[in-house]
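Residue numbers (the working numbering): 277 to 598.
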Amino acid sequence: MNPGSPVHAIPDMFQPVSAPAEAIRQLWWLVGGISIGILLVVGGILWWCATHFRARPGEDREPPQVYGSNQIEFAWTIVPVLIVLVLFLATARTIYDVQAMVPPKDALEVTVVGHQWWWEIRYPGLGVVTANELHVPASVPGARRPTFLTLESADVIHSFWVPQLAGKTDVVPARRNRMWVEPTETGTFLGQCAEFCGTQHANMLLRVVVDSPADFAAWVEAQKRPAVADPRVAVGRAVFESTACVSCHTVAGTGADGTFGPDLTHLMSRATIASGAADNAPDRLRAWIVDPHAIKPGALMPAMKLPDDQVDAVTAYLSTLR
Ligand code: CUA
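Put into structure tokens, the structure is as follows:
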């Protein structure tokens, strides 16, 4: 973890730090500006008519009734059509610009797989697998390095959304959707699943850590290594490897090679557990192993019902997976 890199606690689409999000903000101001303008004009005319033409005391006859005016009907048809045309063209141009981006030669390719309720993150060209916290390099002047994401789902429809980096893209079973980000600022940017996907949809959180190119290279090197065997936690490792943990989780360099749950090889390099539902602190990790549903009701990981000393041993073992 890089202590110097700030966590942007509010995922604010008006503070973009990446090309697609910047284009979306500009479009928002155009569409929002036109919409607010229409609101003011229509609301103003309505208010003026309501006060100007209201019945005065002592007035008992109807105002003159006017039927049919080609000019007025023509105007209130043409003006909205022109406004909608402007909104349509501006939106279509932004969508086209974002989608037309072709991956440059040294673009980073990442595959993100949505699961109920966590994110699997694979870097096929780098041999790295992690979960819930996507690391990408920042683009710096003279060395642009956008990240292209291929989005897949293991179960139902999810949606990948990190507001400061790009617009939402749905994650659909049996489909591969593509999107890209090109952050220019380091830091941690928050996002989350943006499509209702079951009981823990709200806790399907996402962090994108934008590293400097050197920090990113160091992170990749650390993630590529298998887990270090620490003899002091051999008991916990033995418990872990003799229970159902290994059918769902991978710890590279050991017999644990399940893929139903997050890869734990470098669990301690992540700031959170349970897809952002809890901080990655020893007491939270222990509570998670004892009963995941106390932290995330409905989570697909079962409570392992281990005796206390075994829970302590497994927690100690997992805490060495740096
Ligand atoms: Cu995944 Cu909502």
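Glycine included, each C-beta is placed from N, C-alpha and C at the ideal position. Treat the numbers as computed from the prediction; the structure is a model and nothing was measured.
Asked: Rounded C-alpha distance that separates Pro578 from Gln392; Found: 14 angstroms
Asked: Chain-order list of residues whose beta-carbon lies under 7 angstroms from that of Trp394 (same chain, five-residue window excluded); Found: Ala407, Asn408, Met480, Pro538, Ser551
Asked: Residue from Ala553, Val484, Gly529, Gly534 whose Cα sits closest to the Cα of Ala503; Found: Gly529
Asked: Nonlocal neighbours in the same chain, by C-beta distance under 6 angstroms from Cys524, ignoring five residues either side; Found: Gly534, Phe536, Gly537
Asked: Counted within 10 angstroms of its Cβ, other Cβ atoms place Asn556 as buried (16 or more) or exposed; Found: buried
Asked: Beta-carbon proximity of Pro296 to Ala470, cut-off 7 angstroms; Found: no
Asked: For Lys500 and Val600, the rounded distance between their alpha carbons; Found: In the structure as shown, the chain begins at 277 and stops at 598. Residue 600 is therefore absent and cannot be evaluated.
Asked: Cβ-based burial, Ala450 [other Cβ within 10 Å; buried from 16]; Found: exposed
Asked: Sub-7 angstroms separation of Leu427 and Val386 beta-carbons; Found: no
Asked: Sequence-distant residues of the same chain with beta carbon closer than 8 angstroms to Ile571, five excluded per side; Found: Ala550, Ala553, Ala554, Arg560, Ala563, Trp564
Asked: Identity of the residue in Gln291, Val416, Glu349, His284 nearest Pro489 by Cα; Found: Val416
Asked: Ile286 - DSSP class collapsed to helix/strand/coil; Found: coil
Asked: Per-residue burial, Asp373 [other beta carbons within 10 Å of its own, 16 or more giving buried]; Found: exposed
Asked: CB-CB length for Arg602 against Ala547, believed under 8 angstroms; Found: Here the chain comprises residues numbered 277 to 598, so residue 602 is not present and cannot be evaluated.
Asked: Among Gly531, Thr526, Val522, Pro356, nearest to Val580 - alpha-carbon criterion; Found: Inspection of the sequence shows that residue 580 is occupied by Met rather than by Val. Comparing Cα-Cα distances from Met580 to each of Gly531, Thr526, Val522, Pro356, the minimum goes to Val522.
Asked: beta-carbon Met544 near ligand 1 non-hydrogen atom, thresh 6 angstroms; Found: no
Asked: Spatial neighbours of Glu298 in its chain, beta-carbon cut-off 6 angstroms, leaving aside the 5 residues before and after; Found: Pro292
Asked: Proximity of Arg421 and Pro413 at Cβ, strictly below 7 angstroms; Found: yes
Asked: Rounded separation between Pro279 and Ala285 - CA only; Found: The pLDDT assigned to Pro279 is 49, lower than 50, so where the model puts this residue is not dependable; a value taken from the coordinates is nonetheless given after this. Cα-Cα distance, rounded: 15 angstroms.
Asked: Leu384, DSSP secondary structure in three states; Found: strand
Asked: Same chain, Cβ closer than 7 angstroms to Leu363, five either side skipped, listed in chain order; Found: Val307, Ile310
Asked: Gln468 classed as buried or exposed, judged by whether at least 16 other C-beta atoms fall within 10 angstroms; Found: buried
Asked: Through-space distance from Gln440 to Arg332, alpha-carbon basis; Found: 54 angstroms
Asked: CA-to-CA distance, Glu497 to Met277, given in whole angstroms; Found: Note that Met277 scores a pLDDT of 46, beneath 50, so its modelled location is shaky; the value from the coordinates is reported in the next line. Cα-Cα distance, rounded: 13 angstroms.
Asked: Simplified DSSP assignment, three categories, for Pro439; Found: coil
Asked: Beta bridge counterpart(s) of Ile397 as assigned by DSSP; Found: Val388, Thr406
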